[in-house]
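**Q**
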Ligand SMILES: Nc1ncnc2c1ncn2[C@@H]1O[C@H](COP(=O)(O)OP(=O)(O)O)[C@@H](O)[C@H]1O
Ligand SMILES: Cc1ncc(COP(=O)(O)OP(=O)(O)O)c(N)n1
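In the numbering used here, the protein residues as written are 1 to 502.
1) For ligand 2, is there any heavy atom lying closer than 7 angstroms to the beta carbon of residue 69?
2) Over the uninterrupted beta strand (DSSP E) stretch that includes residue 39, give me the two end residues.
3) Tell me which residues share the same chain as residue 48 and place their Cβ nearer than 6 angstroms to its Cβ, disregarding the 5 neighbours each side in the sequence.
4) Opposite residue 112 in the DSSP bridges: which residues?
5) Under the three-state reduction of DSSP, which class applies to residue 365: helix, strand or coil?
6) Tell me the residue span of the beta strand (DSSP E) that contains residue 43.
7) Can you tell me whether residue 25 is buried or exposed, with buried defined as 16 or more other CB within 10 angstroms of its CB?
8) Using the rule of at least 16 other Cβ atoms within 10 Å of the residue's Cβ for burial, across every protein chain shown, is residue 354 buried or exposed?
9) Does the distance from the CB of residue 71 to the CB of residue 4 come in under 8 angstroms?
10) Relative to ligand 4, is the shortest distance from any of its heavy atoms to the C-beta of residue 368 smaller than 7 angstroms?
11) Identify which residue in 300, 325, 126, 338 has its Cα closest to the Cα of residue 312.
12) Tell me whether residue 60 sits in a helix, a strand or coil according to DSSP, three-state version.
13) So what does DSSP say about residue 203, is it helix, strand or coil?
14) Any idea what DSSP makes of residue 72, helix, strand or coil?
15) May I ask you to report which of helix, strand or coil DSSP gives residue 221?
16) Alpha carbon to alpha carbon, how far is residue 304 from residue 363? Give it in angstroms, no decimals.
17) Report the start-end ranges of each alpha helix (DSSP H) in the segment 87-161 that is 4 residues or longer and not cut off at the edges.
18) Using the beta-carbon count (16 or more within 10 Å), is residue 259 buried or exposed?
19) Where does residue 169 sit, in a helix, a strand or coil, going by DSSP?
20) For residue 39, which residues of its own chain have a beta-carbon under 6 angstroms away from its beta-carbon, when the five flanking residues on both sides are left out?
21) Determine the burial state of residue 452: buried for a count of at least 16 other Cβ atoms within 10 Å of its Cβ, exposed for fewer.
22) For residue 3 and chain B, any beta-carbon pair shorter than 8 angstroms?
23) In the DSSP assignment, the alpha helix (DSSP H) including residue 5 goes from what residue to what residue?
24) Kindly indicate the opening and closing residues of the alpha helix (DSSP H) around residue 409.
25) Would a C-beta distance cut-off of 8 angstroms place residue 241 and residue 251 closer than the cut-off?
26) Looking at the structure shown, is residue 256 part of a helix, part of a strand, or coil, going by DSSP?
27) So, helix, strand or coil for residue 296, using DSSP?
28) Is any heavy atom of ligand 1 found at a distance shorter than 7 angstroms from the C-beta of residue 20?
29) On the three-state DSSP scale, how would you describe residue 484?
30) On the three-state DSSP scale, how would you describe residue 190?
31) Helix, strand or coil: how does DSSP classify residue 174 here?
32) With residue 77 and residue 113 assumed to form a contact (beta carbons below 8 angstroms), what rounded beta-carbon distance in angstroms separates them?
33) Going by alpha carbons, who is nearest to residue 443 out of 32, 264, 190?
34) Under the three-state reduction of DSSP, which class applies to residue 9: helix, strand or coil?
35) Would you decide whether residue 51 is buried or exposed? Buried here means 16 or more other CB atoms lie within 10 Å of its CB.
36) Below 6 angstroms CB to CB, which residues in the same chain sit around residue 213 once its five sequence neighbours on both sides are set aside?
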């Protein structure tokens with residue numbers, strides 16, 4: 001495969017993207033450079049065009065030596081280059097030619113000099129397939145930009161008829177829940193639909209798609225199948241783009257997503273704690289909580305300890321908020337800190353007042369058990385490290401509780417059956433969709449922190465996450481074992497939780 005295009009030193013568009021698209025489709029990639037572009041994910045800074053004589057030398061160097069199965073033409077930069085490429089295509093006559101009529105980058109920077117539009121039209125007439133986006137389609141026809149799908153289809157028909165070339169008109173610039181392209185030839189029209197992926201990382205999608213179509217054509221029977229398969233692949237690449245997270249602007253798609261799946265930090269972390277998740281699901285305390293057979297003393301002990309835990313958890317959430325890199329993360333952790341002090345604790349205080357005769361003062365005076373203290377010490381230690389370690393340590397308390405809440409709600413069956421469980425209020429709090437939403441947000445923020453972490457910090461984040469998960473298991477378990485401090489004189493010497501009804 002040969003790409004004739006400009007460069008993108010950050011690897012998202014142009015030749016660099018084309019070579020990755022080729023590789024993703026099992027093709028051997030070659031590249032001839034039309035222009036050196038100083039650009040990144042935030043935009044184009046400047047363009048250096050080496051000139052047509054050198055372009056011809058590059059093209060001939062390839063075709064004098066290597067058999068070419070298909071060619072993709074991208075940015076041509078100026079009229080002289082466009083004519084040179086046209087002449088070379090006439091001489092060499094590669095079996096399949098896709099022209100992506102690159103004119104303006106999405107950042108607004110022109111990638112084609114003004115006088116070259118006619119030369120690009122001539123190049124298009126030598127192609128098998130041309131892949132304009134909405135503005136390029138309008139320029140090729142000398143018309144106003146289409147505003148909707150029907151307008152794009154009408155223009156694609158006019159271009160296909162006037163050039164005799166198959167037109168893949170791309171709909172990425174239109175609004176809507178799907179990103180629909182149309183493939184129009186003299187005798188057929190095919191709609192290529194795909195859900196619009198919610199990502200800002202769309203840099204180089206046009207380059208990548210046209211390169212993929214060119215790479216697939218020698219391996220498929222027709223252009224329709226090649227375009228369909230290329231589009232399905234691109235949608236996967238867009239879905240994986242957020243995880244790739246290259247650059248600070250509109251980043252690239254993940255061309256090699258199918259080859260080397262990039263796993264997020266939290267996906268990996270969740271897998272690593274599979275053992276603790278199984279242990280918690282089978283934890284005798286959790287099982288008895290779910291079927292309503294848990295002795296009230298066990299729940300009272302657990303709940304009083306949880307109130308003590310939430311006091312410290314709230315402090316660590318506040319520390320995470322203070323260290324957070326942006327306003328959204330700061331707000332999330334501050335709100336969570338407040339909720340750990342308020343809403344969650346009122347669940348504890350109400351139950352303990354009603355069933356264990358403990359007023360707010362008594363709940364506040366409960367001494368953390370060794371198990372509780374070990375967990376909160378671990379959280380404070382993690383918070384003394386980096387922001388990433390702090391949020392990784394905080395996450396299991398969201399995620400494992402959301403998981404337990406969800407499991408227990410499902411195990412309860414109907415709403416009436418759940419209401420008959422004496423611990424229904426607790427189960428409903430953590431099985432609530434609002435808690436699941438907060439958990440999803442916490443997961444996202446931890447992934448964001450992991451993306452900016454060095455490999456060694458990422459490993460410390462894993463350790464913090466795993467330790468918190470272990471503590472979660474021990475924390476539930478202590479409801480049944482009710483541990484006290486072994487050495488008299490440590491604090492009050494014992495955990496004071498009156499028996500329910502006392
Ligand atoms: N957010 C998105 N989700 C799914 N597909 C997209 C998205 N943005 C662009 N595409 C697809 O990427 C390809 C290139 O899109 P487009 O933006 O129209 O071209 P260009 O990158 O040349 O400006 C098309 O197949 C389009 O449908
Ligand atoms: C060297 C080079 N060629 C083409 C483009 C434009 O890429 P495209 O795939 O059309 O997508 P955007 O990045 O403009 O959305 C480019 N930037 N550089």
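Backbone N, C-alpha and C fix where the C-beta goes; we use that ideal spot for every residue, glycine too.
**A** Looking at the coordinates:
1) no
2) 30-40
3) 36
4) 77
5) helix
6) 43-48
7) buried
8) exposed
9) yes
10) Ligand 4 is not part of the structure shown, which contains ligand 1 and ligand 2 as its ligands.
11) 338
12) helix
13) strand
14) strand
15) coil
16) 6 angstroms
17) 117-124, 134-141
18) exposed
19) strand
20) 8
21) exposed
22) The structure shown has no chain B; it contains just one protein chain.
23) From DSSP, residue 5 is part of no alpha helix (DSSP H) but of the beta strand (DSSP E) over 2-6.
24) 387-412
25) yes
26) coil
27) helix
28) no
29) coil
30) strand
31) coil
32) 7 angstroms
33) 264
34) coil
35) exposed
36) 98, 226, 227, 230
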